[in-house]
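What follows is a single structure, written as structure tokens, with notes after it.
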Amino acid sequence: MLEYKNASEEFAPQITKLVQETIASVYPKYYPKEVVDFFAGLHCEDAVRKDIRNGNIRMLLVEGCLAGTGSRESDHITRVYVSPSFQGKGYGTYIIKKLEEEIFSDYGRIYLDASLPACHLYETLGYKTSHHDKWEVENGVILVYEVMEKIRPEDIGQERPKKVLEEQSDSGKTEIFAADVRDEALINRLTQVWRKSVKATHLFLSDEEVEQIAVYVPEALKEIPHLLVAAAPDGFPAAFMGIGGSKLEMLFILPEQRGKGLGSRMLRYGIRRYGIDEVCVNEQNPQAIGFYEHEGFRVYKRTETDEQGNPYPLLYMKLAQQTGNREI
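Going by full-length UniProt numbering, the first residue of the sequence shown is number 1, and it counts up by one from there.
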């Protein structure tokens with residue numbers, strides 16, 4: 001008899017043991033020791049307990065025995081492991097299908113970071129490689145992995161915003177979309193978000209300077225490769241984030257939406273989904289510097305002027321390599 005349910009914290013040791021045994025028995029066939037150790041540390045008992053408390057972990061019992069486990073965070077599958085003694089019986093596929101049912105009820109796409117042992121299975125289930133990413137582990141060893149995605153079947157071929165995150169707060173629900181279609185109305189609204197955000201945070205700029213810069217914002221919004229927009233409960237944009245390559249080019253939030261964790265959630269999603277590892281901030285914006293430092297970024301370069309030669313020093317920041325920032 002199969003029983004698939006949410007994991008409770010009393011099962012944390014068993015789930016951790018299952019994951020660690022699977023890593024130890026399978027991963028050495030594909031990876032050097034440093035990478036195997038990285039995965040083991042990534043899925044330690046503390047991480048498992050944290051995910052259970054957040055309601056992210058499911059477990060599959062077969063005749064009362066723990067056979068496998070799966071985890072999700074918003075639209076992201078973060079962990080699927082089947083005990084070596086239960087492998088080859090379709091239980092991994094069963095867990096993935098169950099996670100898909102959950103995610104597709106709220107999102108149009110599923111994302112995951114695929115390890116080498118799992119890539120073939122995900123391909124057979126309809127996942128496509130979006131891009132490759134890398135992570136440096138011990139002794140300079142580089143882990144390269146595939147970022148894969150699967151579109152909800154009924155959404156294939158449809159042009160509509162793709163919800164990637166959903167936030168619930170006392171003021172209501174905030175939904176975050178990938179803005180692939182950027183019409184004039186959206187660009188105008190985002191420019192207003194930019195203007196209000198800059199006036200609240202870039203206090204070193206005069207109103208005249210803000211308006212001079214605002215002229216270039218619409219074109220930048222149209223050209224940025226990846227644009228994510230957070231819609232407030234009233235349907236209007238509350239924040240947006242622009243990403244080019246692995247660099248966060250823009251993250252602006254309405255003043256009244258700040259302090260609610262929205263910026264952190266968007267940034268962490270960008271780190272996980274797009275591999276963000278770099279950002280540039282004005283030295284005269286201490287709130288932004290503190291925010292990015294809190295999220296794990298560290299200054300590696302300073303310039304006396306901005307990129308247009310204006311007397312506003314810039315700080316270039318890189319994401320510190322912390323295994324806790326990612327799940328593979």
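Heads up, the beta-carbon is just placed ideally off N, CA and C, and yes, glycines get one too.
query	result
Name the residue from G55, Q284, S85 whose alpha carbon lies nearest to the alpha carbon of L99.	G55
If you drop the 5 nearest sequence neighbours on each side, which residues of the same chain put their C-beta closer than 7 Å to that of P13?	E45
Is it buried or exposed for H120, if we count other Cβ within 10 angstroms and need 16 for buried?	exposed
Does the count of Cβ pairs from the region 82-96 and the region 52-69 closer than 8 Å reach three?	yes
Would DSSP call N188 helix, strand or coil?	helix
Report the partner residues of F252 according to the DSSP bridge assignment.	F240
Does the beta-carbon distance from T124 to V147 come in below 9 Å?	no
If I follow the unbroken alpha helix (DSSP H) through K301, where does it start and stop?	Looking at the DSSP string, K301 is not in any alpha helix (DSSP H); the run it does join, the beta strand (DSSP E), is 297-303.
Compare the C-alpha of F252 against each of A47, P237, E3 and name the closest.	P237
Is it right to say D106 is buried, meaning 16 or more other beta carbons lie within 10 angstroms of its own, or is it exposed?	exposed
Which same chain residues end up closer than 8 Å to I187 when comparing Cβ atoms and leaving out the 5 residues on each side of it in sequence?	P218, L221, K222
Tell me, which residues are paired with I110 by DSSP?	K150
What's the C-alpha gap between T191 and G64?	56 Å
Residues in the same chain with beta-carbon distance under 7 Å from R273, minus the five sequence neighbours each way, listed in chain order, please.	Y111
Who are the Cβ neighbours of W135 in its own chain at under 6 Å, not counting the five residues just before and after it?	L143
Using the Cα positions of R298 and T69, report the straight-line distance between them to the nearest angstrom.	35 Å
Please list, in chain order, all residues of the same chain as G92 whose beta carbon is under 7 Å from its beta carbon, the five residues on each side excluded.	G68, V80, V82, L121
Quick check: what's the CA-CA separation for Y312 versus Q284?	7 Å
To which residues of the same chain is F86 closer than 6 Å at the C-beta, ignoring the five residues directly before and after it?	A67
In or out: E159 buried (at least 16 other Cβ within 10 Å) or exposed?	At E159, the pLDDT of 45 sits below 50, so the modelled position is not reliable and the matter cannot be decided from this model.
Buried or exposed, going by whether 16 or more other CB atoms sit within 10 Å of the CB of S71?	buried
Nearest-angstrom Cα distance between G140 and S264?	29 Å
Nearest to A232 by CA position, among E175, I23, M317, is which residue?	E175
Quick check on this structure: which residue in I77, K89, E208 has the alpha carbon closest to the alpha carbon of E101?	I77
Using DSSP with H/G/I as helix, E/B as strand and the rest coil, what is D37?	helix
Any idea what DSSP makes of V26, helix, strand or coil?	helix
Out of E149, G90, L2, which has the shortest C-alpha to C-alpha gap to H132?	E149
DSSP has K196 in a bridge; who is on the other side?	Paired residue(s): none; K196 is not in a bridge.
Secondary structure at I289, three-state DSSP: helix, strand or coil?	helix
Should M1 be labelled buried (16 or more other beta-carbon atoms within 10 Å of its own) or exposed?	exposed
In chain order, what residues of the same chain have a beta carbon less than 8 Å from the beta carbon of Q20, not counting five sequence neighbours either side?	A40, H43
On the DSSP bridge assignment, give the partners of C280 in chain order.	Y316
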